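Trainee: Note that my numbering numbers the sequence shown so that position 132 is 138, with each residue one more than the last. All C-beta atoms in this analysis are idealised placements derived from N, C-alpha and C, irrespective of residue type, glycine included. These numbers were taken from a predicted model, which means no experiment stands behind them.
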Amino acid sequence: MNIRYATEQDTEDILKLEAECMPHPWSRDDIEALITDERKFALLAEEDGMTAGYIGISYVLDEAEVGNICVSADHRRRGLASALIDRTSEILKGLGVVRIFLEVESDNAGAIALYERCGFIRYSERKDYYGTGRDALLYRLEGDIQ
Ligand SMILES: CC(C)(COP(=O)(O)OP(=O)(O)OC[C@H]1O[C@@H](n2cnc3c(N)ncnc32)[C@H](O)[C@@H]1OP(=O)(O)O)[C@@H](O)C(=O)NCCC(=O)NCCS
Numbered sequence: 007m008n009i010r011y012a013t014e015q016d017t018e019d020i021l022k023l024e025a026e027c028m029p030h031p032w033s034r035d036d037i038e039a040l041i042t043d044e045r046k047f048a049l050l051a052e053e054d055g056m057t058a059g060y061i062g063i064s065y066v067l068d069e070a071e072v073g074n075i076c077v078s079a080d081h082r083r084r085g086l087a088s089a090l091i092d093r094t095s096e097i098l099k100g101l102g103v104v105r106i107f108l109e110v111e112s113d114n115a116g117a118i119a120l121y122e123r124c125g126f127i128r129y130s131e132r133k134d135y136y137g138t139g140r141d142a143l144l145y146r147l148e149g150d151i152q
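Shown next, in the form of structure tokens:
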């Protein structure tokens with residue numbers, strides 16, 4: 007597995023991952039902004055030279071947010087998402103970030119297990135955030151950012 011920053015050349019691969027993994031994929035503009043905006047970045051996880059996963063981050067001052075994370079179905083449960091989160095934490099710590107936030111739909115058991123294993127703590131929830139009966143759980147990682 008190799009983790010690296012995404013560049014403009016990776017936009018198509020990220021759009022494919024979004025289409026494969028996410029019920030509401032991000033737009034091309036959203037992905038391009040991750041790569042070009044100075045307060046955002048995306049990391050790719052590669053296996054055998056192929057793009058297998060990515061994470062998209064935005065940050066302001068000492069706080070950051072995980073916008074999205076996904077791993078292609080064929081490459082799951084091999085530690086790619088955990089590695090993406092670990093590398094993200096390292097980078098953000100270097101940028102002076104002390105808190106990382108994210109939202110996850112309450113029925114996304116896999117992602118919730120991932121985040122909790124990575125040390126994220128649930129601090130709140132938003133009822134019907136994703137539509138009627140579809141709640142968001144709010145998580146943050148702080149203090150023990152690597
Ligand atoms: C959630 C997701 C990113 C996890 O990626 P991954 O590379 O498979 O995750 P990892 O291999 O790093 O998993 C690390 C740990 O998280 C937990 N975990 C991850 N996926 C899980 C699942 N489907 N069910 C239960 N636990 C899970 C496990 O504890 C796992 O460790 P283990 O494999 O030793 O048991 C991936 O399933 C995905 O892309 N899902 C669709 C997109 C999505 O829901 N993204 C999150 C939006 S908020």
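1. Going straight from the alpha carbon of residue 94 to that of residue 49, what length do you get?
2. Ligand 1 and residue 12: does the residue's C-beta get closer than 7 Å to at least one heavy atom of that ligand?
3. Quick one: what's residue 56 bridged to in DSSP?
4. What do you reckon, are the CB atoms on residue 144 and residue 131 nearer than 8 Å?
5. Locate the alpha helix (DSSP H) running through residue 27, then write down its first and last residues.
6. Let me confirm a value: residue 5 is counted as buried when at least 16 other C-beta atoms fall within 10 Å, else exposed. Which label applies?
7. Quickly, what does DSSP pair residue 135 with across the bridge? List them, please.
8. With distances taken between CB atoms, is the gap from residue 76 to residue 100 smaller than 8 Å?
9. Quick one: Cα of residue 8 to Cα of residue 111, how far?
10. Give a yes or no on contact between the segment 31 to 51 and the segment 80 to 91, applying the rule of three or more CB pairs nearer than 8 Å.
11. From residue 72 to residue 126, what does the alpha carbon distance come to, in whole angstroms?
12. At a cut-off of 7 Å, would you count residue 7 as near ligand 2, judging by its Cβ distance to the nearest heavy atom?
Mentor: Let me lay it out:
1. One-based indexing of the sequence shown puts residue 94 at position 88. One-based indexing of the sequence shown puts residue 49 at position 43. Residue 49 has its alpha-carbon roughly 8 Å from the corresponding atom of residue 94.
2. In the sequence shown, residue 12 corresponds to position 6, counting from 1. Here the distance from the Cβ of residue 12 to the nearest heavy atom of ligand 1 is not below 7 Å.
3. Taking the sequence shown and counting its residues from 1, the one referred to as residue 56 is at position 50. Residue 56 pairs with 53.
4. Mapped onto the sequence shown, residue 144 falls at position 138. Mapped onto the sequence shown, residue 131 falls at position 125. The answer is yes: Cβ separation under 8 Å.
5. On the sequence shown, position 21 is the one that residue 27 refers to. Judged by DSSP secondary structure, residue 27 falls within the alpha helix (DSSP H) whose first and last residues are 17 to 27.
6. There is simply no residue 5 to check, as the chain begins at 7 and stops at 152 in what is shown.
7. As a first step, residue 135 must be located in the sequence shown, where it is residue number 129. Note: residue 135 is not bridge-paired with any residue in the DSSP secondary-structure output.
8. As a working mapping, residue 76 is identified with position 70 in the sequence shown. As a working mapping, residue 100 is identified with position 94 in the sequence shown. For residue 76 and residue 100, no; Cβs fall outside 8 Å.
9. In the sequence shown, the residue the question calls residue 8 occupies position 2. In the sequence shown, the residue the question calls residue 111 occupies position 105. So the alpha carbons of these two residues sit roughly 28 Å apart.
10. Contact holds: three or more Cβ-Cβ distances are below 8 Å.
11. Indexing the sequence shown from 1 puts residue 72 at position 66. Indexing the sequence shown from 1 puts residue 126 at position 120. Rounded to the nearest angstrom, the two C-alpha atoms are 12 Å apart.
12. Among the ligands in the structure shown, ligand 2 does not appear; only ligand 1 can be found there.
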